Amino acid sequence: GDDNSGRKVITFSCCRMPPSHQLNHTRLLEYLKYTLDQYVENDYTVVYFHYGLKSLNKPSLKWLQTAYKEFDRKYDSKIFVLLCMIFKSLLTISFSFPRYKKNLKALYVVHPTNFIKILWNIFKPLISHKFGKKITYLNYLSDLREHLKYDQLNIPQEVIRHDENLRGKQKGKLPPVVKVPPPRPPLPTQQFGVSLQYIKDKNKGELIPPVMKETVSYLKRKGLQVEGLFRRSASIQTIKDVQKLYNQGKSVNFDDYHDIHIPAVILKTFLRELPQPLLTFECYDHILGITSVESSLRVTRCKQIIQGLPEHNYVVLKYLICFLHMVSQESIYNRMTASSLACVFGLNLIWPSNGTASLSALVPLNLFTELLIDFYMNIFNSRTVPGE
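When we follow full-length UniProt numbering, the leftmost residue of the sequence shown carries the number 1, and every step to the right adds one.
Written out as structure tokens, the structure reads:
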């Protein structure tokens with residue numbers, strides 16, 4: 001899933017770790033590297049569920065040392081260092097390594113023990129202030145809601161039951177159910193969290209939503225050659241403020257913010273908050289099948305899937321992909337190839353109706369998006385829509 005700034009979220013659940021003598025730690029290391037490889041070039045968030053880590057399933061010192069050498073080459077060593085400390089309090093490894101460029105923006109430790117907190121406080125002076133600010137302890141699962149899209153997380157039942165037990169012990173009983181007021185109807189000028197049809201109806205039949213048109217136009221003028229465009233996050237509060245301005249129908253001047261990544265994040269946020277993905281729920285299973293299609297026929301298959309979209313979705317998607325194709329053409333400057341853009345936009349364009357996409361779904365979803373960007377002219381050249 002994503003956090004509230006649009007960054008990808010990686011979760012690690014200790015209760016899923018089998019006993020050490022049953023685990024092939026070499027394969028575990030390869031799996032961790034494979035997972036992180038898909039995200040570490042972009043800003044990302046880690047959620048660590050500590051419950052379930054016991055002496056029986058803690059990795060050995062030898063494995064941790066081997067893993068550090070592997071992670072140290074590419075990933076943020078501080079992430080691994082912290083996990084080492086949590087796993088076995090291996091303080092001899094902990095804070096003696098050089099600093100590396102980091103794309104980790106937040107690390108949430110859920111259900112931490114008092115021992116972890118004490119250790120962290122002891123060694124906190126040895127850690128850079130900048131990295132220390134990224135770590136947040138969360139005593140209850142509900143605390144995650146203010147930081148990321150909680151419903152998208154795949155949380156083990158063991159962790160959920162542990163959370164309920166903690167709450168029961170705190171007050172002697174489970175907390176009362178809080179009544180949630182009914183949602184307010186959207187404003188006539190609402191841009192985020194409403195359907196494309198709603199925006200069209202409130203904007204004199206315009207097919208391209210105003211927020212999309214303005215962000216794309218601004219980025220075309222000033223962002224095409226910015227290195228890492230769409231990879232970087234922005235201030236959460238600033239993003240909320242800009243969303244509020246758009247929802248209230250007020251003008252937004254991105255020059256006032258002096259940060260080219262703000263309109264980029266706003267564009268991703270708009271897509272991610274659509275009630276139904278731009279590529280629609282109906283296309284999800286068809287897109288997953290792209291990897292089973294022969295390589296030479298994949299572009300044709302992409303075209304077939306896109307032709308089945310509703311007209312409005314097709315027009316908006318064409319407008320977006322045309323822009324992303326332009327971005328990819330400047331990759332010698334911005335380092336954002338079609339593949340890089342696909343990793344960023346894949347899950348913002350399509351997701352399943354029953355939660356978040358599984359890890360195995362990322363490959364076909366990103367491949368499909370990459371093909372759309374790379375072969376934009378071929379895929380979108382045969383269908384015209386009135387008013388486009």
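Positions of the beta carbon are idealized from the N, C-alpha and C atoms, including for glycine. Fair warning: this is a prediction, and the values are worked out from it, not measured in the lab.
What are the residues that DSSP puts in a beta bridge with residue 13? Looking up residue 13 in the sequence shown gives position 13. According to DSSP, residue 13 bridges with 49.
Roughly how many whole angstroms lie between the Cα atoms of residue 82 and residue 237? Along the sequence shown, read from residue 1 onward, the residue named residue 82 stands at position 82. Along the sequence shown, read from residue 1 onward, the residue named residue 237 stands at position 237. In this prediction, residue 82 scores a pLDDT of 49, lower than 50, which makes its location untrustworthy; the coordinate-derived value is nonetheless stated afterwards. Roughly 27 Å separates the two Cα atoms.
From the DSSP output, which residues share a beta bridge with residue 106? Here residue 106 refers to the residue found at position 106 of the sequence shown. Note: residue 106 sits in a beta bridge opposite 45.
For residue 306, which option in 292, 329, 22, 280 has the closest C-alpha, if you only look at C-alpha atoms? For the purposes of this step, residue 306 is taken as the residue at position 306 of the sequence shown. With distances taken between Cα atoms, residue 306 lies closest to 280.
Determine the DSSP secondary structure at residue 137, reduced to helix, strand or coil. Translated into the one-based positions of the sequence shown, residue 137 becomes position 137. Residue 137 falls in the strand class under three-state DSSP.
Nearest-angstrom Cα distance between residue 325 and residue 338? Taking the sequence shown and counting its residues from 1, one reaches residue 325 at position 325. Taking the sequence shown and counting its residues from 1, one reaches residue 338 at position 338. Residue 325 and residue 338: Cα-Cα distance of roughly 7 Å.
Beta-carbon contacts of residue 319 that lie in its chain and below 6 Å, excluding the five residues immediately before and after: In the sequence shown, residue 319 corresponds to position 319, counting from 1. Correct list, in chain order: 208.
Work out the CA separation of residue 107 and residue 384 for me, nearest whole Å. Counting from one through the sequence shown, the residue named residue 384 turns up at place 384. Counting from one through the sequence shown, the residue named residue 107 turns up at place 107. Cα-Cα distance, rounded: 46 Å.
Does the Cβ-Cβ distance between residue 348 and residue 220 come in under 8 Å? Here residue 348 is taken as the residue at index 348 of the sequence shown, counted from 1. Here residue 220 is taken as the residue at index 220 of the sequence shown, counted from 1. Cβ distance not < 8 Å, so residue 348 and residue 220 don't count as in contact.
Looking only at its own chain, which residues have a Cβ that is under 7 Å from the Cβ of residue 200, when we skip the five neighbours before and after it? One-based indexing of the sequence shown puts residue 200 at position 200. 206, 207, 312, listed in sequence order.
For a quick check, are the C-beta atoms of residue 247 and residue 187 less than 8 Å apart? Here the question's residue 247 lines up with position 247 in the sequence shown. Here the question's residue 187 lines up with position 187 in the sequence shown. The answer is yes: Cβ separation under 8 Å.
Measuring CA to CA, which of 376, 265, 292, 52 is closest to residue 344? One-based indexing of the sequence shown puts residue 344 at position 344. Cα-wise, what sits closest to residue 344 is 265.
Taking the alpha carbon of residue 334 as the reference point, which residue from 135, 143, 50, 226 has its own alpha carbon closest? Counting from one through the sequence shown, the residue named residue 334 turns up at place 334. When each option's Cα is compared against that of residue 334, the closest is 226.
Return the residue from the list 149, 156, 189 that minimises the CA-CA distance to residue 49. For the purposes of this step, residue 49 is taken as the residue at position 49 of the sequence shown. If we check each option's Cα against that of residue 49, 156 comes out closest.
Does DSSP put residue 85 in a helix, a strand or coil? On the sequence shown, residue 85 is found 85 positions in, with the first residue counted as 1. In this prediction, residue 85 has a pLDDT of 44, which is less than 50 and means its spatial position is unreliable; nothing more can be read from the coordinates.
Exposed unless 16 or more other CB atoms sit within 10 angstroms - verdict on residue 212: Along the sequence shown, one-based indexing puts residue 212 at 212. So residue 212 ends up on the buried side.
Residue 202 classed as buried or exposed, judged by whether at least 16 other C-beta atoms fall within 10 angstroms: For the purposes of this step, residue 202 is taken as residue 202 along the sequence shown, with counting starting at 1. Result: buried.
Just curious, the alpha helix (DSSP H) that residue 368 is in, first and last residue? Along the sequence shown, one-based indexing puts residue 368 at 368. Start and end: 362-374.
Between the Cα of residue 111 and those of 316, 350, 137, 133, spot the shortest distance and give me the residue it belongs to. Locating residue 111 in the sequence shown gives position 111, where the first residue counts as 1. Selected option, being the one with the closest Cα: 137.
Which same chain residues, not among the five before or five after residue 194, have their C-beta less than 6 Å away from its C-beta? In the sequence shown, residue 194 corresponds to position 194, counting from 1. Only 186 meet the Cβ criterion.
Of the residues 363, 251, 315, the one placed nearest residue 342, counting alpha carbons only: Here residue 342 corresponds to residue number 342 of the sequence shown, with the count starting at 1. Comparing Cα positions, the closest option is 363.
What does residue 3 pair with, by DSSP beta-bridge criteria? Within the sequence shown, numbered from 1, the residue matching residue 3 stands at position 3. According to DSSP, which records beta bridges pairwise, residue 3 is partnered with 148.
Roughly how many angstroms separate the alpha carbons of residue 15 and residue 197, rounded to a whole number? Residue numbering aside, residue 15 sits at position 15 when the sequence shown is read from its first letter. Residue numbering aside, residue 197 sits at position 197 when the sequence shown is read from its first letter. Going from the Cα of residue 15 to the Cα of residue 197 covers about 44 Å.
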